[in-house]
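Everything in the sequence shown is counted per my numbering, starting at 93 for the first residue and increasing by one.
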Amino acid sequence: MFFSRGNQKKEAIEVLKNLYFFSSINGLFEGLKDLNLDYKNIRRIYMTHEHVDHVLGLYPIMEKMKDDPPDICAYGETAKILMKGDESQIFPGNLGITPSMFGVEITPLKITDLTNEKEVSFLDYNFQIHYTPGHSLGSICYYEPDKKILIPGDVVFRRDRTWNVGSFGRYDFPGGSLEALKKSIALLNDFDVNILLPGHMEIVTSQANQDISLALKTINTLKF
Ligand SMILES: [Zn+2]
Numbered sequence: 093m094f095f096s097r098g099n100q101k102k103e104a105i106e107v108l109k110n111l112y113f114f115s116s117i118n119g120l121f122e123g124l125k126d127l128n129l130d131y132k133n134i135r136r137i138y139m140t141h142e143h144v145d146h147v148l149g150l151y152p153i154m155e156k157m158k159d160d161p162p163d164i165c166a167y168g169e170t171a172k173i174l175m176k177g178d179e180s181q182i183f184p185g186n187l188g189i190t191p192s193m194f195g196v197e198i199t200p201l202k203i204t205d206l207t208n209e210k211e212v213s214f215l216d217y218n219f220q221i222h223y224t225p226g227h228s229l230g231s232i233c234y235y236e237p238d239k240k241i242l243i244p245g246d247v248v249f250r251r252d253r254t255w256n257v258g259s260f261g262r263y264d265f266p267g268g269s270l271e272a273l274k275k276s277i278a279l280l281n282d283f284d285v286n287i288l289l290p291g292h293m294e295i296v297t298s299q300a301n302q303d304i305s306l307a308l309k310t311i312n313t314l315k316f
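If you want it as structure tokens, here you go:
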């Protein structure tokens with residue numbers, strides 16, 4: 093998620109509706125162009141977690157913006173890994189991929205640690221920050237209680253409409269935990285959520301509570 097310079101409400105809302113989680117830097121730039129936005133106006137970037145598909149785009153964008161870099165905000169373990177530039181944690185060996193395959197070099201980044209922050213505010217949006225481990229050690233969700241918007245990273249996804257089963261993030265990567273993920277989804281299930289903007293697959297534009305409660309029901313059937 094990123095916030096841009098200028099504080100123009102319309103622009104900010106468009107950005108919010110079109111979240112880019114940096115899984116593809118070209119996708120980011122194309123998406124910005126579609127919205128008539130200029131990447132040079134990006135001022136803050138909020139990370140949901142430390143996985144490669146969510147952080148890789150940071151490196152080319154920071155290179156492009158090195159003369160006037162935006163502030164990157166991340167929580168706990170995610171902040172530590174990005175600050176260290178720890179390639180082995182951003183690219184776990186079991187994935188069989190390396191930064192050079194993407195033409196990217198992992199370098200230490202300056203990060204603002206969100207660990208002691210409770211909220212992210214801009215315009216009339218006040219997103220609470222909730223620590224939700226299980227998919228990864230540094231996973232957080234951003235929740236806007238008045239507007240009932242949840243940005244869960246990879247903790248929960250839209251439910252499968254055909255089979256009516258819940259969908260949630262993997263817990264078998266380094267730092268993942270089924271028990272922790274169950275607790276995190278139970279926490280999210282207490283929130284009143286209408287709009288769900290997950291890190292993968294489709295967004296949910298109404299009654300996302302149903303997607304979260306089904307995710308909880310589905311994960312609670314798993315016992316490892
Ligand atoms: Zn992930």
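Using N, Cα and C, we set each Cβ at its ideal position, and we do this for glycine too.
Assigned exposure category for D261 - 16 Cβ within 10 Å defines buried: Your numbering for residue 261 matches position 169 in the sequence shown. Looking at the sequence shown, residue 261 is not Asp but Gly. With 16 or more other Cβ atoms inside 10 Å of its own Cβ, G261 counts as buried.
How should S180 be labelled, buried or exposed, when 16 other C-beta atoms within 10 angstroms of its C-beta is the threshold for buried? The residue you call residue 180 lines up with position 88 of the sequence shown. Within 10 angstroms of the beta-carbon of S180 lie fewer than 16 other beta-carbons, which makes it exposed.
Near ligand 1, which residues have their beta-carbon less than 5 angstroms from any of its heavy atoms, given in chain order? That query returns the following residues: H143 and D246.
With a threshold of 16 other CB atoms inside 10 Å of the CB of E211, please say whether the residue is buried or exposed. Within the sequence shown, residue 211 is the residue found at index 119, counting from 1. By the neighbour-count criterion, in which a residue is buried when 16 or more other Cβ atoms sit within 10 angstroms of its Cβ, E211 is exposed.
So, are the CB atoms of L306 and L280 less than 8 angstroms apart? As a first step, residue 306 is located in the sequence shown; it is residue number 214 there, counting from the start. As a first step, residue 280 is located in the sequence shown; it is residue number 188 there, counting from the start. The answer is no: Cβ separation not under 8 angstroms.
Given 8 angstroms, three or more beta-carbon pairs between the segment 118-134 and the segment 155-174: Touching, yes.
Tell me which same chain residues have a C-beta within less than 6 angstroms of the C-beta of M139, skipping the five on either side of it? By one-based count along the sequence shown, residue 139 stands at place 47. If we look at M139 and ignore the five residues flanking it on each side, its Cβ neighbours are A166 and T170.
Within its chain, find whatever has a CB closer than 6 angstroms to the CB of T310; leave out the 5 residues flanking it on each side and keep chain order. Here residue 310 corresponds to residue number 218 of the sequence shown, with the count starting at 1. Once the five neighbours on either side are set aside, the close Cβ partners of T310 are V257 and G258.
Is there contact between the segment 267-275 and the segment 222-231, where contact requires at least three CB pairs shorter than 8 angstroms? At 8 angstroms Cβ cutoff, the stretches touch.
Work out the CA separation of T207 and G230 for me, nearest whole Å. Along the sequence shown, one-based indexing puts residue 230 at 138. Along the sequence shown, one-based indexing puts residue 207 at 115. Pairing G230 with T207, the inter-Cα distance amounts to about 10 angstroms.
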